[in-house]
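**Student:**
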Amino acid sequence: MTIAEPPGTPDPSSGTEHAATDVESPSEPATGPAVDASPEDAPRASASSGRVPVLDVVRDVVAAVALLTSLALPWTLRTAGAGRVEVVLSVVVALAAIPLPYLARAGVLPTGWSVHTTRTVRLWAATPYVVVTIVYLLLDLFAGSGLDRGVGTGLGLGLAGALLVAQPRSSELGPDDEDAAVGRFWRVVLGVLGAVLAVGAVVTIVIFLSSDDWSGAAQLVYALTSTLIVLAVGALPAWGAFRGDRAWSTVLVGVGAALAVLFVVGAGSAPDLLRVESFHTLRFGLVLVPALGAVAAGAAFRRGLPGVADDEGRTGVADVVRDTLLLLAVVAALIAIGYAVVLGDGAHGGRATTSLVVTLVASGAVAVLAALAWAGARRDDAAARGLAWLVVGTAVVLGTVAVSVDAWKVVGVPVELALVAYGLPALLVLALLGPSVQEWGSRTRVEATGARTAYEWTPRPRRAPRPAKSAKPAVPARDAEEPAPLETPADAPVHPHAPVVAWPVGGETPVGGETPAAEPARSEPRPVEPVAAEASPVASGPEPEPEPEWQPEPVQPSDPEPEPARAAADAESTTVLPVAGYSAEQAADPSTPLEVLAQIAEHAPALRPYVASNPSTYTALLDWLGALGDPAVDAALRARPDRRP
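In full-length UniProt numbering, the protein residues as written are 1 to 645.
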């Protein structure tokens, strides 16, 4: 079924407009953007509505790279992931679920495949890897001093990839009011994983204190600082993200990505970087931070975060900068305290004094400068940018010096130095460049040709559809006494109270310059002009009509259809679809299909500013919105880079 487009309707597929009329109602234009969203036409999706957001593609690529790379990284003290059959099999199963959305768009999946099927397969495909991870964590906890104990960086990186595979993509999410449970589920997953990290760090200290491996207060203080570093790097951002802080969730993603890169570097030419942690060493927990970042980077989790920082849904740059500065100050200060304790103990030997002093001075200077910048950023957002760039330069220079001269190495310490020197400064740079990075991430690609229901979210068939309210009274309600006017043959009787409404041939303006989409059926009687004699094939008369171009066709009443959305059967009838309850996130989401954006703009006036700021909105719809004269819409249009003079 196709909806007839009245004149002046922007076409989402071509970006052009038909011949427009100037007839408007007092509150909004007489015609809205036409859409073709009938259920029977849904499987024949256009390419514009089947694109995959770039960030979804990035998530799939990162998941595949993380899973494959984890096979080459240490899994325990003695073996790598590729040396264990159960690890290889779980990686293969997880990898098999990654191409499912693209196969759905290509139309090669079985008939009846839906987004719900894809999401279920994703979860089950990632489950074996999660189970294997839990087993090895328990083995390390209860293995004692076995030779094949420990939790390697390969386990942590592979777990991050498996969790990325398990999460639904943004193009697979439904409306907030119908698909909110998935966001709550992944928030619980983040909380559980963060609790495992925090409890594991505390258990490590307890095991260390209950053993005979420590002697003296200096070693105890150093072990405590190592544990606090784990809690600061992993538990602090995870707690902020779990509470719903959007900025802390972004910081958690950045820290997880930085540690993942350091894990890969540590397996090659930097043997002193972190490779294996254990409950029976000085600390445990950093290997799980990339997995926390993977959960925080998921589309379902991020959509459930309350509130946004600006009208376009981007995370506030100032908030991310402040949180990153705080984390950098805390980690650098803890490193300085640990090195000061080792330097004061005197057990390191004279040859390491120089490197200890240099590292102590460098980390202390970075901690002080980052703390001052954080305090200044809290008072003045405008000052945060310059201070953040100063901290970036200082941390990179002093951190590089500290890493280069660090001749005295305790297991795992260089990874914190590398994080202070490179990881957190890189996160600051990305935060400062955030608007342009997010604008790039909002673009879409990978067009689809398969059935739309295989890759686009729709309610499950077993759920009863909600009754929808029509935004315009053009289609009568089920219990209406008067049916909507429909085009009929000229010899049909005319309803005494129905207005004559007919589409002219060639796109001309209807009678009175009005369009059916803007003119609802009137409740009070109105006289109807008699049909011209020559309008009937059996009529006769010598006199021609004064207006030979076209004549309004009479209308006969018809029984109301059981479904308002299917009130007309031929291609020339006009039907207004019911409004299905939209949200601001859907209106601002670049992955929302263009037809849905057009329907939101027509039926949800309160969401028009979000549609105007959506980078995926096509030009014709932007022009239509600009003609409304709505101040909020005009402000959103002026804020677009492509609409600025």
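C-beta: ideal position from N, C-alpha, C; glycine also.
Bear in mind that the values here come from a model prediction, so they are computed numbers and not experimental data.
(1) Closest to valine 264 by CA distance: which of Arg246, Gly152, Leu164 and Leu390 is it?
(2) For alanine 426, would you say it is in contact with chain D, using Cβ-to-Cβ distances shorter than 8 Å as the test?
(3) Assign glutamate 277 to one of three DSSP states: helix, strand, or coil.
(4) Tell me the DSSP bridge mates of valine 85?
(5) With alanine 260 and glycine 194 assumed to form a contact (beta carbons below 8 Å), what rounded beta-carbon distance in angstroms separates them?
(6) Return helix, strand or coil for glycine 216, following the three-state DSSP convention.
(7) Relative to the C-alpha of valine 289, which residue among Val253, Gln167 and Pro631 is closest?
(8) Could you tell me how far apart the beta carbons of valine 165 and alanine 241 are, in whole angstroms, since I believe they sit closer than 8 Å?
(9) Report the residue from Leu141, Gly81 and Val57 whose alpha carbon sits nearest the alpha carbon of leucine 100.
(10) Taking the alpha carbon of glycine 161 as the point to measure from, which residue in Asp345, Asp177 and Leu71 has its own alpha carbon closest?
(11) Looking only at its own chain, which residues have a Cβ that is under 6 Å from the Cβ of proline 467, when we skip the five neighbours before and after it?
(12) Leaving out the 5 sequence neighbours to the left and right, which residues in its chain are closer than 8 Å to alanine 64 when beta-carbon positions are compared?
(13) On the DSSP letters alone, give me the boundaries of the alpha helix (DSSP H) that arginine 169 sits inside.
(14) Look up proline 605 in the DSSP assignment and give the residues it is bridged to.
(15) Can you tell me which of Asp323, Gly364, Ala125 and Arg638 puts its alpha carbon nearest to the alpha carbon of threonine 250?
(16) In this structure, does DSSP put alanine 627 in helix, strand or coil?
(17) Compute the Euclidean distance between the alpha carbons of valine 233 and serine 616, then round it to the nearest angstrom.
(18) From what residue to what residue does the alpha helix (DSSP H) around aspartate 60 run?
(19) Based on Cα-Cα distance, which residue from Val135, Leu103, Leu173 and Asp140 lies nearest to histidine 116?
(20) Give the DSSP bridge partners of alanine 247, in chain order.
(21) By Cβ distance, which residues of its chain are closer than 6 Å to glycine 81, with the 5 residues on each side in sequence left out?
(22) Does proline 128 come out as helix, strand or coil in the three-state DSSP assignment?
(23) Can the beta-carbon of proline 175 be found less than 8 Å from the beta-carbon of glutamine 599?
(24) Once the 5 residues before and after serine 591 are set aside, which same chain residues still bring their CB inside 7 Å of it?
(25) Measure the Cβ-Cβ separation of phenylalanine 301 and leucine 430 and say whether it is below 8 Å.
(26) Looking at leucine 625 and leucine 607, is the spacing between their C-beta atoms short of 8 Å?
(27) Exposed or buried, proline 609, counting other C-beta atoms within 10 Å across all chains shown (16 or more means buried)?
(28) How would you call glycine 404, buried or exposed, if buried means at least 16 neighbouring beta carbons within 10 angstroms?
**Tutor:** A quick look at the data gives this:
(1) Distances from the CA of valine 264 to each of Arg246, Gly152, Leu164 and Leu390 were compared; the closest alpha carbon is that of Gly152.
(2) Although the question refers to chain D, the structure presented lacks it and comprises just one protein chain.
(3) Assignment of glutamate 277 by DSSP, reduced to helix, strand and coil, places it in the strand class.
(4) None; valine 85 has no bridge partner.
(5) About 17 Å; that fails the 8 Å criterion.
(6) Three-state result, glycine 216: coil.
(7) Val253
(8) With a Cβ gap of about 20 Å, valine 165 and alanine 241 do not count as contacting.
(9) Val57
(10) Leu71
(11) With a pLDDT of 46 at proline 467, under the threshold of 50, the predicted position of this residue should be treated as unreliable, though the coordinate-derived value follows. Correct list: empty, nothing qualifies.
(12) Leu95, Ile98 and Gly161
(13) Premise fails: arginine 169 is in no alpha helix (DSSP H) and is neither H nor E.
(14) Beta-bridge pairing links proline 605 to no other residue.
(15) Asp323
(16) If DSSP states are grouped into helix, strand and coil, alanine 627 belongs with coil.
(17) 36 Å
(18) 54 to 70
(19) Residue Leu173 is the option with its Cα nearest to histidine 116.
(20) In DSSP, alanine 247 forms no bridge with anything.
(21) Ser70, Leu71, Trp75, Val87 and Gly154
(22) helix
(23) no
(24) Pro53, Ser170, Ser171 and Thr444
(25) no
(26) no
(27) buried
(28) According to the sequence shown, residue 404 is serine rather than glycine. Exposed, since its Cβ has fewer than 16 Cβ neighbours within 10 Å.
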